[in-house]
Amino acid sequence: MKLLDKYILKKFLTTYVFTVLIMVAVILVIDFTEKNDDFIKTNPSVSEILFDYYLNLIPFYANMLSPITVFIATVFVTAKLASHTEIVAILSSGISFRRFLVPYLMGATLIGATIFVLIGWVIPNANKESVAFQVKYIKSPFTYDSRNIHIKIGPETYVYMESYNNSAHIGYNFAMETINDTDLSQKLSASSISWNAEKEKWHINQYTLRTFDGEKETIYKGSNLDTTLNMWPKDFESTYKLEQTLTLTQLNRHIDEKIARGADDIETYLIEKYERFSYPFAIIILTVIGVIVSARKARGGVGFQIALGFLLAFIFIIFVITSRSLAQVGDIAPQIAAWIPTIVFTGIGFLLYRYIPR
């Protein structure tokens, strides 16, 4: 690494960290102002507010703002170099613009790799604490209100409940069917099923078991049955921001479980998964675009270039939000939606590199 690389890389990384800290601090103040009334109503302790909630929100907001902060840092550093005629001197010494990009790419790669580790494992664990705090003190008490619940708990086993009380952990009008190909081979039905926390099993009262062998039907009635099912009380608890609380390993496992059960809300988790992979690449692309749009010395100073940096960064965020919404309603495949902002801005970066004079 040459002296020039160290010089630019140090400026870039320190500006990025400073920008992240400033913007996160502003957002935390705004968040506290919005939630102050909730804190007064629910009365959490000061330590819970500071350490369980806000301390764990810092990495979440730092990651969420990373496209904006890395772009602003790039534009600010490059525009400053250009205003001091340093870029002119660098390029006049025989260094190509591509070589000039190297320290920025090194910094963006370092930031992207760090973000990938953070959003894969560190931030989800922090989100567990902050989301749990929000559910306890900010959100209204959760009530599972779905009706006519169908769950696939095995390759040939299906569960039905008319309703479920998540406070008492009781399901009503329960039925469990085993279907081989298209033939019903067994059906267990009961008026209710409840969770036994001590045994960690489901308890079924007054059940009827029907077994079918061709046209022959055998009926057995019992009073009590404790059984283990591939179904848990957590399946009926609040899923508020659940995808943000799962590490990459847990997220993959959760997606596989959703697919096996034939769930219809899998898009949210697929989008979260693929966005975690696309985010680091977006950081690199935005860094390159930031250098291109701000490398030319402007007569009016760096204000316009920084404003342009804000604009392009917010356009990127809009692309992310729009593509995510389209994927959630099924208009776009989650794999494509997660990469659309990065692909679009890669094209923008290529056009800027070719046609903007430097």
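In the numbering used here, the protein residues as written are 15 to 372.
For glycine and all other residues, C-beta sits at the position ideal for the given N, C-alpha and C.
The structure displayed is predicted, hence computed values, not measured ones.
Between the beta-carbon of residue i and the beta-carbon of residue j, is there less than 8 Å?
| i | j | result |
| --- | --- | --- |
| I193 | E170 | yes |
| V34 | P73 | no |
| T241 | W216 | yes |
| I133 | R267 | no |
| P138 | T261 | yes |
| I184 | S203 | no |
| R338 | I269 | no |
| K235 | T253 | no |
| V38 | L69 | no |
| Y75 | I41 | yes |
| Y174 | K166 | no |
| I346 | L340 | yes |
| F26 | P117 | yes |
| N180 | E251 | yes |
| D52 | Y186 | no |
| F85 | L326 | yes |
| V307 | F333 | no |
| Y30 | T99 | no |
| L265 | K248 | no |
| G304 | T88 | yes |
| F188 | I218 | yes |
| T123 | I298 | yes |
| P294 | I163 | no |
| V302 | G361 | no |
| L18 | G121 | no |
What residues are listed by DSSP as bridge partners for residue i?
| i | result |
| --- | --- |
| I280 | Paired residues: none, contrary to the question. |
| V173 | I165, M190 |
| K230 | D227 |
| L239 | I218 |
| S252 | Partner(s): none; S252 has no beta bridge. |
| G185 | Y178, I207 |
| K201 | E191, R224 |
Quick check on residue i: buried or exposed, where buried means 16 or more other Cβ atoms within 10 Å of its Cβ?
| i | result |
| --- | --- |
| A127 | exposed |
| P371 | exposed |
| A296 | buried |
| I350 | exposed |
| E281 | buried |
| A321 | exposed |
| N77 | buried |
| Y369 | exposed |
| A309 | buried |
| F90 | buried |
| V96 | Residue identity differs from the one stated: residue 96 is Ala in this sequence, not Val. So A96 counts as buried. |
| L71 | buried |
| T47 | exposed |
Checklist line | In chain order, each alpha helix (DSSP H) run of at least 4 residues that lies wholly inside the segment 92-173 | finding: 100-106, 111-131, 137-151
Notebook entry, point to check: Given 8 Å as the limit, is there contact between the segment 141-149 and the segment 63-70, that is, 3 or more CB pairs closer than that?
Noted result: yes
Item checked: alpha helix (DSSP H) segments (min. 4 residues) lying fully within the segment 66-90 -> 69-78
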